[in-house]
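Before any comments, here is the structure.
2 protein chains.
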Amino acid sequence: MTTDATGADVTEQALASLRATADPRLRELLTGLVRHLHDFARETRLTQEEWERAVAFLTATGQACTDTRQEFILLSDVLGLSMLVETVNGDRAPGATESTVLGPFHMTESPVRRLGDDIDLVGGGETCVVSGRVLARDGTPLSGAVIDVWQADDKGYYDVQQPGVQPAGNGRGLFTADAEGSFWFRTCVPAAYPIPTDGPVGGLLRATGRHPYRPAHIHFIATAEGYTPVTTHIFVAGGEYLDSDAVFAVKRSLVHDFAETDDPSLAGKFGVPNPFRLARFDLVLERAV
Amino acid sequence: MTTDATGADVTEQALASLRATADPRLRELLTGLVRHLHDFARETRLTQEEWERAVAFLTATGQACTDTRQEFILLSDVLGLSMLVETVNGDRAPGATESTVLGPFHMTESPVRRLGDDIDLVGGGETCVVSGRVLARDGTPLSGAVIDVWQADDKGYYDVQQPGVQPAGNGRGLFTADAEGSFWFRTCVPAAYPIPTDGPVGGLLRATGRHPYRPAHIHFIATAEGYTPVTTHIFVAGGEYLDSDAVFAVKRSLVHDFAETDDPSLAGKFGVPNPFRLARFDLVLERAV
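Chains as they are written, first to last, in our numbering: chain A, 1 to 289; chain B, 1 to 289.
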């Protein structure tokens with residue numbers, strides 16, 4: 001029973017209640033959670049009314065989630081937690097492609113596409129070719145590597161945000177690298193965009209005076225047998241918000257030129273009108289341990 | 001941009017993003033939240049997969065909430081947070097009634113009732129009279145004080161948990177104290193009960209090897225003009241689980257005898273069959289500051 005006005009014995013009881021947890025890792029996580037949660041409430045002297053607002057906020061966040069919207073990932077993103085988790089788990093060896101956040105829009109399976117396919121099913125944006133190789137750190141091409149790609153369109157929206165406007169699978173593709181580990185596809189240059197602001201997380205951003213924009217980028221997950229998959233973005237160099245990403249996900253090594261290219265022969269080879277934008281980079285994986 | 005593998009700069013950026021928050025208290029709370037959330041993830045080296053499970057758990061918790069169910073309050077309760085918030089805000093002066101958690105079942109407005117009414121609309125349980133006064137600390141009766149009461153039935157269920165079985169308002173009442181500050185009502189002795197275990201919080205309890213039971217109690221919120229309201233329970237002395245309440249809400253001063261009473265004249269006065277159980281206690285409020 002509780003007798004201590006500082007709440008120390010409530011914390012002690014809550015911690016004691018976790019000691020029978022069978023899974024030692026779950027016990028460790030819940031113990032750390034209770035310690036930090038209680039320290040937070042004690043240090044801030046969280047009031048009953050603030051607690052009620054927090055409960056209402058979390059409830060609304062859960063209820064904003066649907067098959068195509070993940071408001072809790074968005075919350076984790078804007079608090080920097082997603083990027084932190086990426087970072088503490090992302091001890092890449094030198095030369096391996098750095099990871100960044102998954103983001104809330106990897107909701108649907110990307111359609112299987114062939115190398116060279118155009119993932120911009122709508123048109124009207126600036127034509128772009130993305131080309132590169134999936135490699136091991138020693139330069140060995142990873143033949144058969146799978147590259148999962150998703151991006152916003154040239155207005156800054158993902159297909160799942162505009163079900164009546166964009167066809168499902170727009171801006172998405174699941175590619176298999178060729179014998180040289182190479183991949184390439186056609187698309188439009190993605191736009192910078194605000195994260196969704198019509199839910200609880202949007203309210204949080206307004207209350208903190210923060211803008212909701214993310215710099216323009218394309219998402220990738222590259223996987224190859226025997227290698228550690230990498231979840232990452234390629235950011236468009238020179239774009240806005242590279243230094244104030246709403247979700248803190250920019251790493252210098254992930255910013256790449258989407259070069260203005262005036263080369264009729266190359267355009268012909270890629271099957272795009274000349275001039276066009278060309279992004280070239282490799283995805284370098286570490287051997288799985 | 002992020003460069004530090006420990007994630008220290010992610011934390012720095014997330015904290016910096018809060019500096020423009022207009023409301024200083026909100027800035028303080030969010031700053032504390034980000035610090036503890038990031039420290040938690042860093043100390044535990046939270047993995048991507050564990051983060052995904054946490055997101056799924058929180059989403060399911062939000063989606064389990066309805067008009068008559070508050071799974072986030074339940075989560076806060078079983079982690080000891082609700083009781084801690086009560087405790088750090090509950091610096092009661094000596095003699096004032098101690099507070100305890102609101103709990104997740106104060107969902108509907110209690111029906112207005114007259115002193116002496118029976119809030120057990122179903123019957124079948126052990127008849128009980130609850131009687132007391134609302135007082136200031138110096139013993140002054142608080143005439144016109146309002147007492148909001150809610151309780152589980154003799155099987156351990158609240159009305160909102162059994163919409164087809166219990167009539168709405170069963171076990172609930174909103175009473176006004178008389179000129180002497182007195183209140184009394186008839187009811188049944190509530191049973192100890194498990195908190196709802198069919199949602200995400202139930203899964204958490206199973207994973208931690210904890211029982212879900214709460215000792216038998218009746219909830220009260222007492223309010224009087226010029227005084228600080230108190231949210232509390234009265235626990236049934238001698239019942240099970242008083243030392244292992246699933247939500248850590250028991251305080252010694254809140255445990256009261258529900259005395260077996262064999263007194264035909266008193267039974268007649270209260271309008272109950274003899275013998276009956278009688279709980280007598282006062283609710284003592286502090287003057288508002």
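We treat Cβ as the ideally placed atom computed from N, Cα and C, and that holds for glycine.
Along the chain, where does the beta strand (DSSP E) that runs through residue i open and close?
i, result
"ARG172 (chain B)", "172-176"
"PHE258 (chain A)", "Run containing PHE258 (chain A): none; DSSP gives neither H nor E here."
"LEU285 (chain A)", "283-287"
"LEU242 (chain B)", "Element bounds for LEU242 (chain B): n/a, residue is neither H nor E."
"PHE185 (chain B)", "182-188"
"PHE311 (chain A)", "In this structure chain A extends from 1 to 289, so residue 311 (chain A) is not present and cannot be described."
So the candidates are the options; which of them puts its Cα closest to the Cα of residue i?
i, options, result
"ARG114 (chain A)", "A:GLY173, A:GLN63 and A:LEU74", "A:GLY173"
"THR11 (chain B)", "B:HIS38, B:ASP23, B:PRO24 and B:LEU18", "B:HIS38"
"ALA294 (chain A)", "A:VAL189, A:GLY271 and A:THR68", "The structure shown does not extend to residue 294 (chain A), since chain A spans only 1 to 289, so no value can be given for it."
"GLY239 (chain A)", "A:GLN162, A:ASP257 and A:THR108", "A:ASP257"
"VAL165 (chain A)", "A:ILE218, A:LEU121, A:GLU86 and A:LEU285", "A:LEU121"
"ASP153 (chain B)", "B:ALA191, B:VAL129 and B:GLY139", "B:ALA191"
"VAL255 (chain A)", "A:SER265, A:THR232, A:THR59 and A:ALA8", "A:THR232"
"LEU204 (chain B)", "A:SER17, A:GLU52 and A:GLN13", "A:SER17"
"TYR158 (chain A)", "A:GLU49, A:PHE57, A:THR68 and A:ARG137", "A:THR68"
"SER244 (chain A)", "A:ARG214, A:CYS65 and A:GLY95", "A:ARG214"
"HIS241 (chain B)", "B:ARG210, B:TRP150, B:PHE40 and B:TRP184", "According to the sequence provided, residue 241 (chain B) is Tyr. The question's His does not apply to it. Checking every option, the nearest Cα to that of TYR241 (chain B) belongs to B:ARG210."
"VAL55 (chain A)", "B:GLY62, B:VAL55 and B:ALA56", "B:GLY62"
"PHE248 (chain B)", "B:ASP23, B:THR59 and B:LEU79", "B:LEU79"
"PRO194 (chain B)", "B:PHE105, B:VAL149 and B:THR47", "B:PHE105"
"ASN170 (chain B)", "B:LEU74, B:GLU180, B:VAL149 and B:ARG252", "B:VAL149"
"GLU109 (chain A)", "A:GLY202, A:VAL160 and A:ASP23", "A:VAL160"
"THR140 (chain B)", "B:ALA179, B:GLN151, B:ILE119 and B:PRO167", "B:ALA179"
"GLU43 (chain A)", "A:GLY199, A:GLU52 and A:ALA8", "A:ALA8"
"LEU290 (chain A)", "B:LEU74, B:ARG252, B:ALA168 and B:GLN13", "With chain A covering only 1 through 289, there is no way to say anything about residue 290 (chain A)."
Which residues in the same chain as residue i place their Cβ atom closer than 7 Å to its Cβ, once the five residues preceding and following it in sequence are excluded?
i, result
"SER76 (chain B)", "SER82"
"PRO275 (chain A)", "GLU260, THR261 and ASP262"
"GLU86 (chain B)", "SER99, THR100 and VAL101"
"GLY90 (chain A)", "GLU98 and SER99"
"LYS155 (chain A)", "ALA191"
"ALA93 (chain B)", "ARG137 and GLU286"
"VAL250 (chain B)", "PRO215, PHE235 and LEU242"
"VAL297 (chain A)", "Nothing about residue 297 (chain A) can be read from this structure; chain A reaches only from 1 to 289."
"GLU126 (chain B)", "ASP154, CYS188, VAL189 and ARG277"
"VAL88 (chain B)", "none"
Can you find the residues in the same chain that come closer than 8 Å, C-beta to C-beta, to residue i, ignoring five residues on each side of it along the sequence?
i, result
"GLY144 (chain A)", "THR176, ALA177, ALA224 and GLU225"
"LEU15 (chain A)", "THR31, VAL34 and ARG35"
"THR21 (chain B)", "ARG27 and LEU30"
"ASP282 (chain B)", "THR97, GLY132, ARG133, VAL134 and LEU135"
"CYS65 (chain A)", "GLU71 and PHE72"
"GLY124 (chain A)", "ASP154 and CYS188"
Excluding the five sequence neighbours on either side, which residues of its own chain have a C-beta within less than 6 Å of the C-beta of residue i, listed in chain order?
i, result
"ALA216 (chain B)", "PRO190, ALA191, ALA192, VAL236 and GLY239"
"ALA207 (chain B)", "none"
"SER131 (chain B)", "TRP184 and ARG280"
"VAL112 (chain A)", "LEU174"
"PHE57 (chain B)", "PRO200"
Could you tell me the boundaries of the alpha helix (DSSP H) in which residue i lies?
i, result
"PHE312 (chain A)", "One cannot answer for residue 312 (chain A) here, as it falls past the ends of chain A, which runs 1 to 289."
"LYS251 (chain B)", "Careful: LYS251 (chain B) lies outside any alpha helix (DSSP H) and carries neither H nor E."
"ALA267 (chain A)", "264-270"
message = In chain order, what are the residue ranges of uninterrupted alpha helix (DSSP H) at least 4 long that sit wholly in the segment 82-163 of chain B?
response = Whole alpha helix (DSSP H) segments, 4+ residues: zero.
request  = Output the residue ranges of the beta strand (DSSP E) runs that lie fully inside the segment 8-53 of chain B and measure 3 residues or longer, sorted by chain position.
outcome  = Runs of the beta strand (DSSP E) lying entirely within the segment 8-53 of chain B, each at least 3 residues long, are absent.
request  = May I ask you to list, following chain order, the residues of the segment 66-83 of chain B that have a beta carbon less than 9 Å from some beta carbon of chain A?
outcome  = Going along the segment 66-83 of chain B in chain order, one finds GLN70, GLU71, PHE72, ILE73, LEU75, SER76, VAL78, LEU79, GLY80, LEU81, SER82 and MET83 with a Cβ nearer than 9 Å to chain A.
request  = May I ask you to list, following chain order, the residues of the segment 33-62 of chain A that have a beta carbon less than 7 Å from some beta carbon of chain B?
outcome  = For the segment 33-62 of chain A, which is checked against every Cβ of chain B, the residues closer than 7 Å are LEU33, VAL34, HIS36, LEU37, HIS38, ASP39, PHE40, ALA41, ARG42, GLU43, THR44, ARG45, LEU46, THR47, GLN48, GLU50, TRP51, VAL55, LEU58, THR59, THR61 and GLY62.
ask   = If contact means a Cβ-Cβ distance below 7 Å, which residues of the segment 193-207 of chain A contact chain B?
value = Cβ contacts with chain B: ALA207.
task = Report the residue ranges of all beta strand (DSSP E) runs contained in full by the segment 195-238 of chain A; include only those spanning at least 3 residues, in chain order.
result = Considered as a whole, the segment 195-238 of chain A harbours 217-223 and 230-236 as its complete beta strand (DSSP E) runs of no fewer than 3 residues, in chain order.
query = Taking a cut of 7 Å between CB atoms, which residues from the segment 7-22 of chain B lie near chain A?
reply = Flagged, chain order: GLY7, VAL10, THR11, GLN13, ALA14, SER17, LEU18, ALA20, THR21 and ALA22.
key: Near-chain B residues of the segment 248-276 of chain A (beta-carbon distance less than 7 Å), N- to C-terminal order   = Contact annotation: in the segment 248-276 of chain A, residues whose CB is within less than 7 Å of a CB in chain B are PHE248, VAL250, LYS251 and ARG252.
task = Give, in chain order, every residue of the segment 101-133 of chain B whose Cβ lies closer than 7 Å to some Cβ of chain A.
result = Interface annotation for the segment 101-133 of chain B against chain A: empty, criterion Cβ-Cβ distance under 7 Å.
request  = With 7 Å as the limit, tell me which residues of the segment 166-179 of chain A have their beta carbon closer than that to any beta carbon of chain B; keep them in chain order.
outcome  = Residues passing the 7 Å Cβ filter: none.
message = Can you pull out the residues from the segment 218-238 of chain B whose beta carbon lies closer than 7 Å to at least one beta carbon of chain A?
response = Taking 7 Å as the cut-off between beta carbons, none of the residues of the segment 218-238 of chain B comes near chain A.
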